[in-house]
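Have a look at the structure below before the remarks.
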Amino acid sequence: MNYNVNEKGYYGDFGGAYIPEMLYPNVEELRQNYISVMQEPEFQEEFKELLKEYVGRPTPLYYAKRFSEKYGTKVYLKREDLCHTGAHKVNNTIGQILMAKRLGKNRIIAETGAGQHGVATATVCALMGLECIVYMGAIDIKRQAPNVARMKMLGATVISAESGSKTLKDATNEAIRDWINNPTNTHYIIGSVVGPHPYPDMVARFQSVISEEVKKQLLEKEGRENPDYVVACVGGGSNAAGLFYHYLDKPEVGIIAVEAAGKGIHSGESAATSALGKEGIIHGSKTLLMQTDDGQITEPYSISAGLDYPGVGPMHAHLFRSGRGEFISVTDADAMQAGLDLCKLEGIIPAIESSHALAIFEDRKFKKDDVIVVNLSGRGDKDLNTYIEYFDLA
């Protein structure tokens, strides 16, 4: 079975481009050009140079000794939290800003939930001298204030989405409206492996630098390119797509995707799409989506601003449906505790998104000799207020 996108933009039953006619020229222009542009030697050279000199890649693959001892297995952390801007998001924004320039676009829009993608977009727009507008849900603006300040310092205009649940889904709706109104000069930098084709594939390709590095680093550390398992949190799923990418067709490598169960999968306050989702269309692609019986999107919830998306990227929907990926849902409480454990065991404060991936070790047992790579997708300083309130650290 193929786990990558096919020529029509589908991963199995999921994907495609379900878009209003007004957006067709933009999306089609991108679809026709993205692979050839990415394969240009000059593009590759500029992309790799910026990843090295500006982002600080390769990021370390760190053997978490005390964490491993606690759980009786070998856990490596892919330290995406050490990227410039504090998360994996910048890998994709660097790629897309270079793409936008080659397509002659001078105005950039983006959506953001946790704010990391917004910061990463504002960062590359400042680097390239392009106008930047970031849409962010009103609730996320409150709970991610430091990232809002960063975006403004970097010269971006931050626009609050006041509709619906006032979170990521609504910010995405607003960004799409903007794009429909400004089709010729604007490029929409989508931050995850969601949206109409070619976005899920393009974002996954830019993020695949993660698994590309893991292969080399593991060969050095363990004498083999393939771990036994790769583990990552999934909201829309770009950090997971990046870690899974080079292992999709390696059945000997177990793929574990970790979703946010919020206050419990069936509590009514959750974002566990694999458990609760049905086929539907959101933001231009067919995927698994939390919805009511009559097809209305249900409001997702997670303590983590980056995981409360009501759907999941089509690649992940296919990994789930095909059985290639093992999907585990983790509650707020377990994620927060796992984050605190990592602080105390390894001296690393993880983003709450990444803490969900770390939380599986309490219940999911591994063998002593298993080599497990967990994507530490972001650092926790953006979440300090949540940690402070939750653990009463003030």
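Residue numbers for the sequence shown follow UniProt numbering, beginning at 1 and rising by one.
Even glycine gets a Cβ: it sits at the ideal position worked out from N, Cα and C.
Checklist entry - Nearest to Gly86 by CA position, among Asn239, Tyr63, Ile328, is which residue? => result The count along the sequence shown starts at 1 and reaches residue 86 at position 86. Out of Asn239, Tyr63, Ile328, Asn239 has the C-alpha closest to the C-alpha of Gly86.
Next on the checklist: If you follow the alpha helix (DSSP H) that Glu131 is in, where does it begin and where does it stop?
Outcome noted: Walking along the sequence shown from the start, residue 131 turns up at place 131. It is not in any alpha helix (DSSP H) - Glu131 instead sits in the beta strand (DSSP E) that spans 131-137.
Next on the checklist: Suppose the cutoff is 6 Å on Cβ atoms and the five residues either side in sequence are ignored; what does the same chain contact list for Ala122 look like?
Outcome noted: Position 122 of the sequence shown, counted from the start, is the residue given in the question as residue 122. In its chain, beyond the 5 residues on either side, Cys132, Met151, Leu154, Ala156 have a beta carbon closer than 6 Å to the beta carbon of Ala122.
Checklist entry - Enumerated in chain order, which unbroken segments of the beta strand (DSSP E) with a length of 3 residues or greater are wholly contained in the region 266-339? => result Counting only unbroken stretches of 3 or more residues, the beta strand (DSSP E) elements lying wholly within the region 266-339 are 278-282, 285-289, 325-331, in sequence order.
Next on the checklist: Taking only three categories from DSSP, how would you classify His187?
Outcome noted: Numbered from its first residue, the sequence shown carries residue 187 at position 187. In the structure shown, His187 sits in a strand (DSSP, three-state: E or B).
Checklist entry - Considering only C-alpha positions, which residue in the set His246, Asp294, Ser302 is nearest to Thr273? => result Here residue 273 refers to the residue found at position 273 when the sequence shown is read from its first residue. Of His246, Asp294, Ser302, the smallest CA-CA separation from Thr273 is found for Ser302.
Checklist entry - So, Arg107 versus Asn182, is the Cβ gap smaller than 9 Å? => result Reading the sequence shown from its first residue, position 107 is the one you call residue 107. Reading the sequence shown from its first residue, position 182 is the one you call residue 182. Contact: yes.
Next on the checklist: Nearest by alpha-carbon distance to Leu288: which of Glu299, Leu276, Glu45 is it?
Outcome noted: In the sequence shown, counting from the first residue as 1, residue 288 sits at position 288. Ranked by Cα distance from Leu288, the options Glu299, Leu276, Glu45 are led by Leu276.
Checklist entry - Can you check whether the CB of Val312 is closer than 9 Å to the CB of Ile259? => result Numbered from its first residue, the sequence shown carries residue 259 at position 259. Numbered from its first residue, the sequence shown carries residue 312 at position 312. First, the amino acid is wrong: residue 259 is Glu here, not Ile. Between Glu259 and Val312, the CB-CB gap stays under 9 Å.
Item to check | Rounded Cβ spacing between His318 and Gly195 (contact assumed at less than 8 Å) | outcome: Working through the sequence shown from its first residue, we reach residue 318 at position 318. Working through the sequence shown from its first residue, we reach residue 195 at position 195. Contact between His318 and Gly195 fails: their C-beta atoms lie close to 16 Å from each other, not under 8 Å.
Item to check | Same chain only: Cβ atoms within 7 Å of Thr112, ignoring 5 sequence neighbours per side | outcome: Residue mapping note: residue 112 aligns to position 112 of the sequence shown, counting from 1. Result list for Thr112: Gly118, Val134, Met136, Ala171, Gly191, in chain order.
Item to check | Boundaries (first-last residue) of the beta strand (DSSP E) holding Cys233 | outcome: Counting from one through the sequence shown, the residue named residue 233 turns up at place 233. For Cys233, the enclosing beta strand (DSSP E) begins and ends at 229-233.
Item to check | Helix, strand or coil at Glu252 according to DSSP, with G and I counted as helix | outcome: Here residue 252 is taken as the residue at index 252 of the sequence shown, counted from 1. For Glu252, the three-state secondary structure derived from DSSP is coil.
Next on the checklist: Assess contact between the region 320-328 and the region 199-206, defined as three or more Cβ pairs (one per stretch) separated by less than 8 Å. Is contact present?
Outcome noted: As far as the Cβ criterion goes, the region 320-328 does not touch the region 199-206, which means the pair count is below three.
Checklist entry - Would a C-beta distance cut-off of 9 Å place Lys263 and Glu269 closer than the cut-off? => result Stepping through the sequence shown from its first residue, residue 263 is reached at position 263. Stepping through the sequence shown from its first residue, residue 269 is reached at position 269. Yes, these two residues count as a Cβ contact at 9 Å.
Checklist entry - Nearest CA to the CA of Ile348: which residue from Leu82, Arg177, Glu252? => result Along the sequence shown, one-based indexing puts residue 348 at 348. The option with the nearest alpha carbon to Ile348 is Leu82.
Next on the checklist: For Gly104 and Asp178, I'd like the C-alpha separation in whole angstroms.
Outcome noted: Locating residue 104 in the sequence shown gives position 104, counting from the first residue. Locating residue 178 in the sequence shown gives position 178, counting from the first residue. Those two C-alpha atoms are separated by around 18 Å.
Next on the checklist: Out of Val373, Cys125, Pro314, which one is the CA nearest neighbour of Tyr10?
Outcome noted: Translated into positions along the sequence shown, residue 10 becomes position 10. For the set Val373, Cys125, Pro314, the Cα lying nearest the Cα of Tyr10 is the one of Pro314.
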